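Protein chains in written order, with this note's numbering: chain R, 1 to 134; chain V, 1 to 361.
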């Protein structure tokens with residue numbers, strides 16, 4: 001078993017949603033629901049759920065293997081500027097690697113992260129896909 | 001009370017299929033004369049639980065090498081080695097112990113490379129980075145793209161790798177003792193574009209040991225640990241730019257100002273897991289323009305750095321400390337620095353945490 005079910009269950013809110021921590025002291029926004037602002041250390045924080053829509057600022061085609069399979073290579077991983085102004089890093093799916101461009105509009109989608117093959121639990125979380133404009 | 005490095009030893013970084021954790025630790029301490037009479041042992045290692053199914057490695061090592069002294073193991077990601085040296089210096093400077101042996105040991109090549117890649121990725125946040133497809137080369141690639149967009153030429157990063165391989169040729173314990181050229185990059189395997197295999201450190205097994213003592217060596221072959229300092233950075237995804245290595249930059253700026261050090265003149269080992277990072281740091285410190293000229297740095301990563309000496313993760317910081325000690329007191333790869341100070345820099349992940357060690361002749 002690759003993953004502990006309780007471990008994934010504990011962080012499900014941050015895996016299934018895009019929660020932004022907004023600091024009541026310094027005003028900075030940071031990805032993920034977290035107890036303390038990483039910029040100023042204040043625990044006076046509030047949470048906002050992102051709409052999941054943003055712009056792809058940068059991306060890289062990843063050929064770095066961390067398991068025995070080459071099925072998904074290259075993976076596309078990008079930096080997304082969400083409409084709420086905060087940046088998040090995530091996998092880009094639903095697009096051919098030679099068709100992806102910077103500055104395209106993307107939206108969050110729920111996709112498979114990994115599974116305990118062959119009979120184990122499947123873990124899902126957020127990835128991003130380009131928004132179709134036609 | 002002060003703390004001094006009085007000696008040490010290293011094993012060649014390589015694929016040591018015939019040697020396990022205990023064997024490597026025995027090999028490196030057997031060859032270290034100063035290691036014979038110590039009253040505490042600190043073991044720095046990152047992967048034993050993952051790569052050798054072993055907990056409490058420190059105890060098993062002292063039992064194996066026949067030391068009946070207290071032992072503790074340190075794990076702090078890629079910066080574990082310098083964390084161990086910091087702890088040793090504290091134990092000695094406090095008067096609690098007189099001679100502490102610090103052993104860095106790592107087995108990285110026990111499994112296929114993709115498994116080593118996975119283990120290494122776990123220095124990032126597993127739940128919020130690794131599960132989302134982020135691995136260390138991804139950050140190094142995205143940071144490299146930022147720097148290229150800001151005007152840094154691609155061959156600037158290649159220059160770093162070429163220099164590191166040149167340095168490593170004459171270093172006996174370096175892993176990649178061969179030269180590369182700009183041509184090498186044209187057909188290089190891409191890890192995460194634009195980052196290639198030649199921009200990346202080499203995975204290797206290794207072991208290094210140093211002895212930290214309350215008294216200097218009688219023959220003058222020792223250096224004093226005058227400062228050990230750590231700074232925690234922001235997660236890379238929370239920065240304005242991934243290439244903003246603020247923890248490293250802040251630390252290095254602080255120590256170079258305080259001790260009036262010019263990195264072009266002193267013996268320095270910079271953490272260069274990927275070519276992106278030393279270039280980002282040296283630019284932030286004002287040492288480098290867009291031409292990225294490295295010629296005026298006399299004792300920059302004399303070892304070949306993580307890039308070419310190799311990166312046995314938990315042992316790397318001990319290698320770096322040993323190497324600066326050798327450049328200051330004897331020689332390494334035929335080079336000896338005349339400067340009074342030497343500097344070691346280590347970081348874990350893309351500047352998640354950075355450490356600096358200042359050594360004085």
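Note that the Cβ used here is the ideal one computed from N, Cα and C, for glycine as well. Note that the structure is predicted; figures quoted are calculated from it, not measured.
Asked, Found
"What beta strand (DSSP E) runs, 3 residues minimum, are completely inside the region 36-107 of chain V?", "40-44, 71-74, 99-106"
"Between the region 5-15 of chain V and the region 320-331 of chain V, are three or more C-beta pairs nearer than 8 Å?", "yes"
"Nearest chain V C-beta to residue 87 (chain R) closer than 9 Å, yes or no?", "yes"
"Counting only C-beta atoms, is residue 231 (chain V) closer than 9 Å to chain R at any point?", "no"
"Tell me, please, whether the CB atom of residue 112 (chain V) is closer than 9 Å to any CB atom in chain R?", "yes"
"With H, G and I counted as helix, E and B as strand and the rest as coil, what does DSSP make of residue 165 (chain V)?", "helix"
"Quickly, what does DSSP pair residue 334 (chain V) with across the bridge? List them, please.", "The partner list for residue 334 (chain V) (beta bridge, DSSP) is empty, contrary to what the question assumes."
"For chain R, find out if any of its Cβ atoms is closer than 9 Å to the Cβ of residue 193 (chain V); answer yes or no.", "yes"
"Over the uninterrupted alpha helix (DSSP H) stretch that includes residue 123 (chain R), give me the two end residues.", "Looking at the DSSP string, residue 123 (chain R) is not in any alpha helix (DSSP H); the run it does join, the beta strand (DSSP E), is 122-130."
"Going by DSSP, what residues sit across from residue 191 (chain V) in a beta bridge?", "None; residue 191 (chain V) has no bridge partner."
"Anything in chain V within Cβ reach of residue 77 (chain R), meaning under 7 Å, just list it in chain order.", "133, 134, 138"
"Is the separation between the beta-carbon of residue 269 (chain V) and that of residue 215 (chain V) shorter than 9 Å?", "no"
"Please state whether DSSP places residue 116 (chain V) in a helix, a strand or coil.", "helix"
"Taking the runs of the alpha helix (DSSP H) that are 4 residues or longer, which of them lie wholly in the region 255-293 of chain V?", "276-284"
"Kindly list, in the order they appear in chain R, the residues whose Cβ is closer than 7 Å to that of residue 121 (chain V).", "66"
"Quick check on DSSP: helix, strand or coil for residue 156 (chain V)?", "helix"
"Just how far apart, CA to CA, sit residue 181 (chain V) and residue 103 (chain R)?", "35 Å"
"Who are residue 224 (chain V)'s beta bridge partners in DSSP?", "V:4, V:360"
"Please report whether the beta-carbon of residue 114 (chain R) lies at a distance below 9 Å from any beta-carbon of chain V.", "yes"
"In chain order, what residues of the same chain have a beta carbon less than 6 Å from the beta carbon of residue 243 (chain V), not counting five sequence neighbours either side?", "143, 146, 147, 280"
"Check whether the region 76-94 of chain V and the region 19-38 of chain V touch, using three or more Cβ-Cβ pairs below 8 Å as the test.", "no"
"Considering only DSSP beta bridges, list what residue 347 (chain V) is partnered with.", "V:354"
"Helix, strand or coil for residue 28 (chain V), going by three-state DSSP, please let me know.", "helix"
"With 9 Å as the limit, tell me which residues of the region 169-196 of chain V have their beta carbon closer than that to any beta carbon of chain R; keep them in chain order.", "189, 190, 191, 192, 193, 194, 195"
"Using DSSP with H/G/I as helix, E/B as strand and the rest coil, what is residue 29 (chain R)?", "strand"
"Name the chain R residues that come within less than 7 Å of residue 127 (chain V), Cβ to Cβ?", "11"
"For chain R, check one thing: does any of its Cβ atoms lie closer than 9 Å to the Cβ of residue 350 (chain V)?", "no"
"Quick one: give me the first and last residue of the alpha helix (DSSP H) that residue 148 (chain V) is part of.", "136-149"
"So is residue 94 (chain R) in contact with chain V if we call contact Cβ pairs under 9 Å?", "no"
"Taking one C-beta from the region 304-314 of chain V and one from the region 202-211 of chain V each time, how about it: are there three or more such pairs within less than 8 Å?", "yes"
"So, residue 78 (chain R) versus residue 91 (chain R), is the Cβ gap smaller than 9 Å?", "yes"
"Going along chain R, which residues have a C-beta under 9 Å from residue 277 (chain V)?", "By Cβ distance, chain R contributes nothing, its closest Cβ being about 16 Å from residue 277 (chain V), past 9 Å."
"Taking DSSP's pairing of strands, which residues face residue 21 (chain R) in a bridge?", "R:30, R:47"
"Kindly provide the ranges of any beta strand (DSSP E) runs that are 3 or more residues long and lie completely inside the region 63-121 of chain R, ordered along the chain.", "75-82, 87-92, 105-115"
"Interface residues of chain V around residue 125 (chain R) at Cβ under 8 Å?", "131, 132"
"At the 9 Å Cβ level, is residue 46 (chain R) part of the contact set with chain V, yes or no?", "no"
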